[in-house]
Structures are given as C-alpha cells and as structure tokens.
Amino acid sequence: MALKKRIDPIAQLMQEHDEALLKLSSLRKASQSIADKGFTQEAFGDVLSALEFIEEEVSVHNKSEEEALFPVLERYVEGPTKLMRQEHKEMKKEFQKLRRVVTKVGKNQGDREADRELRNTSRVIIQRFVNHIHKENHILFPLVQKFLTKDALREVARRML
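The sequence shown begins at 104 in our numbering and counts up one residue at a time.
Pasting the structure below:
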C-alpha cells in the first residue's frame, strides 16, 4: 500500500496567496485601464475573471483557514485568529461592493463615473487583500510554524481535505 503524500498546509495556503496576488494585480491593471481608457471587453473580461477567482477560490481558501487552521492554532493562541476572522468578514463586505460596481459597469458601458468607481473600489479591496496576505504570510504563518507540532500540522492538513 503506497503512502499518501502529506501536504504542507502552510505551503498550500501561501501558494494560494501567491495565486490571489496575481489575480489582484490583473484586477488592478484592468480596472485602471477601464478608468483611464474606457470600457473594453478585454479589460472587463479580466475584471470578471478576478471577480470569479475571488468569489470561488478566495472563499474556499478563507474557509480552509477558518475551519482547518484557526481551530488548531487557537489551542495555543487566539488573538491573531480573531483578527484574521474579522478581516475575512470585512473583505467579504468589500467584495460584495465590488461585485455591485462591476455589475453597474457591465450594464452601463461607457459610464465614466462607474468606471472610476470600479477603479476606486478595486483599489480598496486590493489594498485590504494585500495587507491581509502580508499579515498571514509574515506574522500568522511563522507563528503557526513556531507553535504547531508536526501532528497538529497533519491535523490541519486532514481538515483541509
């Protein structure tokens, strides 16, 4: 019987952060392009792709953190996870606002005010996401690696499956 290769849950979460940063960069460029040059199908397609990524991938990622990682880490320390949970809620609200603005831009192609609102809303959510990812990568995850045993990390990995 072959041994199932164990995933490193922290490495997986960091890789997902890297993927999110790439999508956020695409969102930034596309929303800036729409604000500067007006609506194009290509730029709007990039915005929709980023929106779909956030809606699907980021929600699964945050759920993994909240249901797999945080409960195990909270056996040792609670403060950082409380802050991360709060930021997840705030980012979800910002994302809902972004979704409304994207819908408005799609329905009102050429509305320069909506185009600028898209850029401004995108900037806010991108900044929030980037700051959150930085905190997790440079504060939370090193804390996890310091406090969690190999068995605890294996438990996190099992919970993530």
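C-beta atoms are modelled at their ideal positions from N, C-alpha and C, and glycine is treated no differently.
- Query: Exposed or buried, which one is Arg131 when buried takes at least 16 other CB atoms within 10 Å?
  - Reply: buried
- Message: So, with DSSP's three-state summary, where would you put Gly209?
- Response: helix
- Determine the contact status of Ile236 and Glu197, defining contact as a CB-CB distance below 8 Å. no
- Query: According to DSSP, is Leu251 helix, strand or coil?
  - Reply: coil
- Message: Suppose contacts are defined by Cβ-Cβ distances below 8 Å. Is Val205 in contact with Leu264 by that definition?
- Response: no
- Is Ile110 helix, strand or coil by DSSP? coil
- My guess is that Phe147 and Val208 are in contact by the Cβ rule of under 8 Å, so how many angstroms apart are they, rounded? 7 Å
- Message: How far does the alpha helix (DSSP H) with Phe173 in it extend, from its first residue to its last?
- Response: Phe173 to Leu176
- Query: Taking C-alpha atoms, which residue in Glu168, Glu119, Lys126 and Val180 lies nearest to Lys249?
  - Reply: Val180
- Query: Can the beta-carbon of Ala133 be found closer than 8 Å to that of Asp149?
  - Reply: yes
- Query: In chain order, what residues of the same chain lie with their CB nearer than 8 Å to the CB of Arg202, ignoring the 5 residues before and after it?
  - Reply: Leu154 and Glu158
- Beta-carbon contacts of Asp218 that lie in its chain and below 6 Å, excluding the five residues immediately before and after: Ile137 and Ala138
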